[in-house]
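Engineer: In mature numbering (1 follows the signal peptide of the UniProt record, and there is no 0), the protein residues as written are -19 to -1, 1 to 569.
I am attaching a structure below and will ask some questions about it afterwards.
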Ligand code: FAD
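And the structure:
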């Protein structure tokens, strides 16, 4: 069994050195090292090859860690030599296609564990057809993978993050927004994360992670298939460390203003930032492009019903829900029967007297008169007809209850208080538009883009594909359609939405179309389509969740699929895990 030695060395390469691969993929397994595939690789720098040769002395034909490359099309390919580094060293005719190499770890097979390297090498800027200075707003799941894709394309990246850490909503914050439990005031104290203490993922980890950085259990951490929020936050931290993203994040720095400047047909962006808690530390910088990754689960959307403002009980939004103790012995009306509404209702029901869920999307078979839940104290209702001054809440189906608390689990608004596009992009009925394929405002593409807007999706993978598209559009490897063509596409999308009877607020809801969308993005960027097992697991989980909302996180019928996915990911994961250990060791 391989153990990292304390002498684990980072392979650090000077900026300007070009590591170029036409796609390689050397994998490891616990029994040894395998190099497979067909592409060959080039290392276009004497010093890099010397460095690698030095670090890999004695490796030839024996042991190689994991070396992943990505082609100019952004796709991982495989490498076909059992003598990887020999081949690397001896190959001539190096290219400078601007690809990157992600050297995860290298080790010898025998007792000598001194020859280890770990790290990621991004391509030098000089080899790019176009390198841009890009501001990324937010270091959550979307912002992190965007930074990685931009770096892979050779762009200059600064990520502005208003909090002190990466991870966005996954960084649990016990604080709530003061007394403004509904989030009504624009001047309220802001808390970004909407996580509650007990939250576990609603997707299994094997499909939740980024495609090339598996989200698998780690020793000493939460190893559940549907882990808690802290495990996701730790995974995102690992991702950021692994890809050296922390170096380009400016923490505690909020973006207050983003405005476009047009100069001779070239659009650039003025970005004003403020270091938090230091009101005088305001900075303004110019960027070629801005990618908005600020998340959309922080600005509460409330249910509207007659009598709401004069109802005497406590009203709050799930954004400010952390744990159930204040609901003890209370009669609670929960508005909303989507993921948060269902989960929080069940948690509250453990301590509350009664929980009444008011929803607008129940299946036709729901029996409003039959209580559900472990304690038999959860009732389902239609929408609220009105709330009365004596504390009674009346439901449209005819039921009523005298309640103490109304909890709005009614979702969030897209919110871009910093963005000044002079009317080119707006939020209308909670639809951000016009956006070509949910990413680019046609008149400002590709210099302004949004990542992670679609919902009812597997978000990490989707963000990975969207950001790859953006990175390649900025480097001009991909040509976007003309402004008019993009605008026409948006118009026809809106027309289809209307024709199908869907309100505009569902524009970014991708419940049934996400994989078509993902595959379209994959096609644009030359990436592999979504693997079938991912879709099968997503469908099996959705079905199990609908049938067994209380137990789906701990009992599942798709064990075979689950094991198959784990086996596939573990091979790739081994290299990631060892690299993280290597990096940690190197830091000690
Ligand atoms: P966020 O994670 O919100 O990150 C945005 C970042 O931008 C934050 O760090 C924020 O501080 C920063 N920011 C915002 N404004 C500014 C500014 N002006 N200046 C600087 N920085 C700024 N997804 C799943 O895959 N599985 C799940 O089980 C799941 N459960 C969820 C449960 C809840 C309660 C919620 C709210 C969401 C859940 N999600 C789940 C969806 C989740 O939001 C996505 O997985 C993903 O984390 C979104 O990442 P993001 O980067 O788009 O946004």
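We put the CB at the ideal spot given by N, CA and C, even for glycine.
Measure the beta-carbon distance from residue 254 to residue 141 and round it to whole angstroms, keeping in mind my assumption that it falls under 8 Å.
Structural biologist: The pair is a contact, with the Cβ atoms about 6 Å apart (cut-off 8 Å).
Engineer: Would you say the beta carbon of residue 316 is closer than 7 Å to some non-hydrogen atom of the ligand FAD?
Structural biologist: Not so, every heavy atom of the ligand FAD lies at least 7 Å from the Cβ.
Engineer: By the three-class DSSP mapping on this structure, what secondary structure does residue 525 have?
Structural biologist: Helix, per DSSP.
Engineer: Cβ of residue 537 within 7 Å of any heavy atom in the ligand FAD?
Structural biologist: No; taking the cut-off as 7 Å, the Cβ of residue 537 has no heavy atom of the ligand FAD nearer than that.
Engineer: What are the uninterrupted segments assigned as alpha helix (DSSP H) that are 4 or more residues long and contained completely in the region 443 to 483, given in chain order?
Structural biologist: Qualifying alpha helix (DSSP H) stretches, in chain order: 464 to 480.
Engineer: So the candidates are 546, 507 and 437; which of them puts its Cα closest to the Cα of residue 494?
Structural biologist: Out of 546, 507 and 437, 437 has the C-alpha closest to the C-alpha of residue 494.
Engineer: Shortest alpha-carbon distance to residue 395 belongs to which of 125, 279, 424 and 147?
Structural biologist: Taking only the C-alpha atoms, the option nearest residue 395 is 279.
Engineer: Mind checking whether residue 162 and residue 362 have CB atoms under 8 Å apart?
Structural biologist: In this structure, residue 362 does not lie closer than 8 Å to residue 162 by Cβ.
Engineer: Alpha carbon to alpha carbon, what distance is there between residue 256 and residue 136?
Structural biologist: Spanning the two alpha carbons is a distance of roughly 24 Å.
Engineer: Taking just the CA atoms, how far does residue 460 sit from residue 507?
Structural biologist: One C-alpha to the other measures close to 13 Å.
Engineer: For residue 119, collect the residues of the same chain with a Cβ closer than 7 Å to its Cβ; drop the 5 residues on either side in sequence, then sort them by chain order.
Structural biologist: So the qualifying residues of the chain are 142, 149, 274, 275 and 276.
Engineer: Around the Cβ of residue 65, are there at least 16 other Cβ atoms within 10 angstroms (buried) or fewer (exposed)?
Structural biologist: For residue 65, the pLDDT reaches just 30, beneath the cut-off of 50, and the residue's location in the model is therefore unreliable, leaving the point undetermined.
Engineer: Restricting to Cα atoms, I'd like to know which of 176, 165 and 352 is closest to residue 156.
Structural biologist: It is 176 whose Cα lies nearest to the Cα of residue 156.
Engineer: Ordered along the chain, which non-local residues of its own chain (more than five positions away) have a Cβ less than 8 Å from that of residue 145?
Structural biologist: 232 and 233.
Engineer: State the CB to CB distance for the pair residue 377 and residue 358, rounded to an integer number of angstroms; the pair is presumed to be in contact (CB under 8 Å).
Structural biologist: With 8 Å as the limit, residue 377 and residue 358 do not qualify as a contact, their Cβ atoms being about 22 Å apart.
Engineer: Could you check if residue 488 is buried or exposed, using at least 16 other CB atoms within 10 Å of its CB as the buried criterion?
Structural biologist: Counting Cβ neighbours within 10 Å, residue 488 comes out buried, since at least 16 surround it.
Engineer: With DSSP as the reference, identify every bridge partner of residue 176, one or two as the case may be.
Structural biologist: Looking at the DSSP assignment, residue 176 forms no beta bridge with any residue, so it has no partner.
Engineer: Shortest alpha-carbon distance to residue 320 belongs to which of 356, 335, 389 and 271?
Structural biologist: Residue 389 is the option with its Cα nearest to residue 320.
Engineer: Reducing DSSP to helix, strand and coil, say where residue 393 ends up.
Structural biologist: Three-state DSSP puts residue 393 in a strand.
Engineer: Given residue 375, which residues of its chain have a CB within under 8 Å of its CB, disregarding the five upstream and five downstream residues?
Structural biologist: Result list for residue 375: 365, 366, 367, 368, 369 and 381, in chain order.
Engineer: Taking the CB atoms as reference points, tell me whether residue 197 and residue 466 lie closer together than 8 Å.
Structural biologist: No, Cβ-Cβ distance for residue 197 and residue 466 is not below 8 Å.
Engineer: Which stretch, first to last residue, makes up the beta strand (DSSP E) that contains residue 136?
Structural biologist: Careful: residue 136 lies outside any beta strand (DSSP E) and carries neither H nor E.
Engineer: My guess is that residue 147 and residue 117 are in contact by the Cβ rule of under 8 Å, so how many angstroms apart are they, rounded?
Structural biologist: The pair is not a contact, with the Cβ atoms about 12 Å apart (cut-off 8 Å).
Engineer: If you follow the beta strand (DSSP E) that residue 244 is part of, which residue opens it and which one closes it?
Structural biologist: Unbroken beta strand (DSSP E) run through residue 244: 234 to 244.
Engineer: Which word fits residue 258, buried or exposed, when buried means at least 16 other C-beta atoms lie within 10 angstroms of its C-beta?
Structural biologist: Burial call: exposed.
Engineer: Give me the residue from 191, 264 and 272 with the minimum Cα distance to residue 512.
Structural biologist: Answer by Cα proximity: 191.
Engineer: Using the Cα positions of residue 166 and residue 173, report the straight-line distance between them to the nearest angstrom.
Structural biologist: C-alpha separation (whole angstroms): 15 Å.
Engineer: By DSSP, does residue 552 sit in helix, in strand, or in coil?
Structural biologist: Note: residue 552 maps to helix in three-state DSSP.
Engineer: Looking at the strands, I want to know which residues DSSP matches up with residue 231.
Structural biologist: According to DSSP, which records beta bridges pairwise, residue 231 is partnered with 141.
Engineer: Do residue 185 and residue 532 have their C-beta atoms closer together than 8 Å?
Structural biologist: Going by C-beta atoms, residue 185 is not nearer than 8 Å to residue 532.
Engineer: Just to confirm the assignment, what range does the beta strand (DSSP E) spanning residue 375 have?
Structural biologist: Counting along the chain, the beta strand (DSSP E) containing residue 375 begins and ends at 373 to 376.
Engineer: Can you check whether the CB of residue 413 is closer than 8 Å to the CB of residue 434?
Structural biologist: Contact flag set, yes.
Engineer: Here's the rule: buried if 16 or more other CB atoms are within 10 angstroms of the residue's CB, otherwise exposed. What is residue 133?
Structural biologist: So residue 133 counts as buried.
Engineer: Just to check my reading of the structure: residue 514 and residue 545 have Cβ atoms closer than 8 Å, yes? What is that Cβ distance to the nearest angstrom?
Structural biologist: Indeed, because the Cβ distance is near 6 Å, the residues count as touching under 8 Å.
Engineer: With DSSP as the reference, label residue 347 as helix, strand or coil.
Structural biologist: Reduced to three states, the DSSP call for residue 347 is coil.
Engineer: For the candidate residues 415, 317, 291 and 427, whose alpha-carbon lies nearest to that of residue 372?
Structural biologist: Nearest option by C-alpha distance: 291.
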